[in-house]
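Notes follow once the structure below has been shown.
Protein chains: 2
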Amino acid sequence: MAIALSELVGYVAASLTTAALIPQALLIWRTRRAEGVSIGMYIVFSTGVALWIAYGLSARAWPVVVANVVTLGFSLWILAMKLRFERATRHGAKPMQ
Amino acid sequence: MAIALSELVGYVAASLTTAALIPQALLIWRTRRAEGVSIGMYIVFSTGVALWIAYGLSARAWPVVVANVVTLGFSLWILAMKLRFERATRHGAKPMQ
Chain A
1 MAIALSELVG
11 YVAASLTTAA
21 LIPQALLIWR
31 TRRAEGVSIG
41 MYIVFSTGVA
51 LWIAYGLSAR
61 AWPVVVANVV
71 TLGFSLWILA
81 MKLRFERATR
91 HGAKPMQ
Chain B
1 MAIALSELVG
11 YVAASLTTAA
21 LIPQALLIWR
31 TRRAEGVSIG
41 MYIVFSTGVA
51 LWIAYGLSAR
61 AWPVVVANVV
71 TLGFSLWILA
81 MKLRFERATR
91 HGAKPMQ
């Protein structure tokens, strides 16, 4: 089953835009810091990704569903860490340098 | 021309995941700070978005092209600011509180 080149480009694009959140999540996890990270971004981004999942389900586009479920997981993880470490920093906890 | 509900969901999803980068770009622009922002994320993300543009061109999916050209613009802006303000901070410039 030869996969069309453009379809392959689509799969690689989906993998990269999903995987891109990993370095950001690990940076926050490692340094316990997220001051420069925008809460607004991850609220809007998570909402958009949730809608991509709804779109994928309705269009039976399973790669769109799978890629965006993984992306939503990372996006919500980043949001949760941002809220948690921001509260900790406000209550005097020292972020790791 | 009635637009299918699922197509509408797709357009809203694309707009949100594109617009999501705006609060992050403005936060960095306003505070001149980007310590918590991951360079790795925006390099991988920009590469993925560029591939989405190539996919959209090859599949003649113009909404995919338009949304991702805008996204690429914001992603590269964030990357450029990250590199610029990081260098400035290393050379003793005071970030805005």
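Chains as they are written, first to last, in full-length UniProt numbering: chain A, 1 to 97; chain B, 1 to 97.
The beta carbon of each residue, even a glycine, is placed where N, CA and C say it ideally should be.
A quick note: this is a predicted structure, and the numbers were derived from the prediction, not measured.
Asked: Which chain A residues are close to R33(B), counting only those with a beta carbon under 9 Å from its beta carbon?; Found: E35, G36
Asked: Runs of 3 residues minimum, wholly inside the stretch 55-85 of chain A: which ones carry the beta strand (DSSP E) assignment?; Found: none
Asked: Leaving out five residues before and five after L51(B) in sequence, what residues of the same chain have Cβ atoms less than 6 Å from its Cβ?; Found: none
Asked: Out of L57(B), I53(B), Q24(B), which one is the CA nearest neighbour of Y42(B)?; Found: Q24(B)
Asked: Sorted by chain position, which residues of the same chain lie with C-beta nearer than 8 Å to A13(B)'s C-beta, five sequence neighbours on each side aside?; Found: none
Asked: In the DSSP assignment, the alpha helix (DSSP H) including I3(A) goes from what residue to what residue?; Found: It is not in any alpha helix (DSSP H) - I3(A) carries neither H nor E in the DSSP assignment.
Asked: Would you grab the beta carbon distance between V44(A) and A19(B) for me? Rounded to a whole angstrom, and I think it's under 8 Å.; Found: 6 Å
Asked: In chain A, which residues lie with their C-beta within 9 Å of the C-beta of A67(B)?; Found: Ordered by position in chain A, no residue passes the 9 Å Cβ test against A67(B), which lies about 10 Å from the chain.
Asked: Of all the options G10(B), R30(B), V49(B), which has the alpha carbon lying nearest to the alpha carbon of F74(B)?; Found: V49(B)
Asked: So M81(A) contacts chain B; which residues on that side make the cut at Cβ distance below 8 Å?; Found: Neighbours of M81(A) on chain B: none; closest Cβ ~10 Å, over 8 Å.
Asked: Straight-line CA distance for V64(A) to V64(B)?; Found: 13 Å
Asked: Please confirm whether T17(B) has its beta-carbon closer than 8 Å to some beta-carbon of chain A.; Found: yes
Asked: Residues of chain B with CB under 7 Å from T47(A), in chain order?; Found: L16
Asked: Between Y55(A) and V9(B), how many whole angstroms is the CB-CB distance? I'm expecting something under 8 Å.; Found: 5 Å
Asked: Applying a beta-carbon distance threshold of less than 7 Å, which residues of chain A neighbour L51(B)?; Found: V9, V12, A13, L16
Asked: Just tell me which of L27(B), S58(B), A80(B), T71(B) has its CA closest to the CA of L5(A).; Found: S58(B)
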